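A short write-up of the structure that comes next.
In my numbering, the protein residues as written are 2 to 292.
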């Protein structure tokens, strides 16, 4: 497949797409991104994670400058040293080399909505993270539950009590994210969250539920960034695999889906890889699209 309009902007989901099951990027995929960047294509991560959780190996990819985070609630210009921009949101930032990234777009939940969503999350057991200004906040109990998924190397800020944090920062919530005790519990919770007015509720994994404000998603953020850069929608490409990629796949000029995606997500693709995220699926798509 060769798009009629040359691709100038590529948005890459991370988990299940750019990253393999070991959270690594293969040499072939890394080279494909470097080659595209060398030809002037803007390649950026488009993730449900906050800026602080952007993996250092992603921040150090050739040509990386922009990032869409928190499922589109924030869009960043990380400048010429993206890793230092990521480290600026670590809990131990004062001990690292950092610089302040430019926040191009930010869309928070209305405070009262954030409080009501928080109350609904509190009915469930699991690590709840609150994303704000590029940071991920958990309380001690949540961090203990989350430790097996991702040890805290500084990318999480552990607070005494999330309820106390919400009492002072409800107006600053970009996104909520909880991992539930089982896929079945997460699916049941998702139904309740999707019935909640004024929010977007999606899944980045089968056992989680992620909430942003209504109208906030990866696709809207992608087109907002493209508009800032003077790039038409037809020249944008989104590559993803999961439920929280639906909006960017629907809105991008070209929608590319990973072979490991669920059937309902693969159905959204203009092109679907034959290889999964453990076998250079992103590199294959770059090559097939002539990037």
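Glycine included, C-beta positions come from ideal geometry on N, C-alpha and C.
Bear in mind that the values here come from a model prediction, so they are computed numbers and not experimental data.
Terminal residues of the continuous beta strand (DSSP E) containing residue i?
i, result
"residue 104", "103-107"
"residue 85", "Note, residue 85: premise wrong, no beta strand (DSSP E); alpha helix (DSSP H) at 83-88."
"residue 46", "43-46"
"residue 279", "Run containing residue 279: none; DSSP gives neither H nor E here."
"residue 59", "Per DSSP, residue 59 belongs to no beta strand (DSSP E); it is in the alpha helix (DSSP H), 57-60."
"residue 158", "157-160"
"residue 174", "Note, residue 174: premise wrong, no beta strand (DSSP E); not H, not E."
"residue 295", "Shown here, the chain extends from 2 to 292; a query on residue 295 therefore has no answer."
To the nearest angstrom, report how far apart residue i and residue j are at their CA atoms.
i, j, result
"residue 136", "residue 90", "6 angstroms"
"residue 99", "residue 85", "4 angstroms"
"residue 162", "residue 138", "10 angstroms"
"residue 266", "residue 283", "16 angstroms"
"residue 289", "residue 79", "29 angstroms"
"residue 121", "residue 236", "40 angstroms"
"residue 37", "residue 19", "15 angstroms"
"residue 242", "residue 286", "13 angstroms"
"residue 180", "residue 207", "9 angstroms"
"residue 92", "residue 273", "39 angstroms"
"residue 126", "residue 177", "14 angstroms"
"residue 11", "residue 239", "6 angstroms"
"residue 39", "residue 244", "31 angstroms"
"residue 70", "residue 77", "8 angstroms"
"residue 116", "residue 130", "14 angstroms"
"residue 186", "residue 7", "44 angstroms"
"residue 197", "residue 112", "15 angstroms"
"residue 119", "residue 258", "32 angstroms"
"residue 1", "residue 110", "Since the first residue of the chain shown is 2 and the last is 292, residue 1 is not available in this structure."
"residue 75", "residue 106", "5 angstroms"
"residue 188", "residue 132", "22 angstroms"
"residue 201", "residue 209", "14 angstroms"
"residue 25", "residue 13", "14 angstroms"
"residue 172", "residue 276", "42 angstroms"
"residue 114", "residue 5", "43 angstroms"
On the DSSP letters alone, give me the boundaries of the alpha helix (DSSP H) that residue i sits inside.
i, result
"residue 147", "141-147"
"residue 130", "Note, residue 130: premise wrong, no alpha helix (DSSP H); beta strand (DSSP E) at 129-133."
"residue 30", "28-39"
"residue 67", "Per DSSP, residue 67 belongs to no alpha helix (DSSP H); it is in the beta strand (DSSP E), 67-70."
"residue 118", "112-122"
"residue 13", "Counting along the chain, residue 13 falls outside any alpha helix (DSSP H), though it belongs to the beta strand (DSSP E) covering 10-13."
Since residue i contacts residue j with CB under 8 angstroms, what's their CB separation in whole angstroms?
i, j, result
"residue 128", "residue 87", "Contact flag wrong, Cβ pair sits at about 21 angstroms."
"residue 250", "residue 270", "7 angstroms"
"residue 214", "residue 280", "No, residue 214 and residue 280 are not in contact; Cβ-Cβ is about 37 angstroms, not under 8 angstroms."
"residue 219", "residue 246", "6 angstroms"
"residue 82", "residue 278", "So it is not a contact: roughly 27 angstroms between Cβ atoms."
"residue 44", "residue 64", "6 angstroms"
Under a CB-based cut-off of 8 angstroms, is residue i close to chain D?
i, result
"residue 203", "No chain D is part of this structure, which consists of one protein chain only."
Those runs of the beta strand (DSSP E) which lie wholly inside the stretch 220-276 and span at least 3 residues: Fully enclosed beta strand (DSSP E) runs of 3 or longer: 237-241 and 255-258.
Stretch pair the stretch 219-233 + the stretch 15-32: three plus CB contacts closer than 8 angstroms: The stretch 219-233, when compared against the stretch 15-32, does not touch it at the 8 angstroms Cβ threshold.
Three or more C-beta pairs below 8 angstroms linking the stretch 154-171 and the stretch 191-205: no
Complete runs of the beta strand (DSSP E) confined to the stretch 176-212 [at least 3 residues]: 176-180 and 200-203
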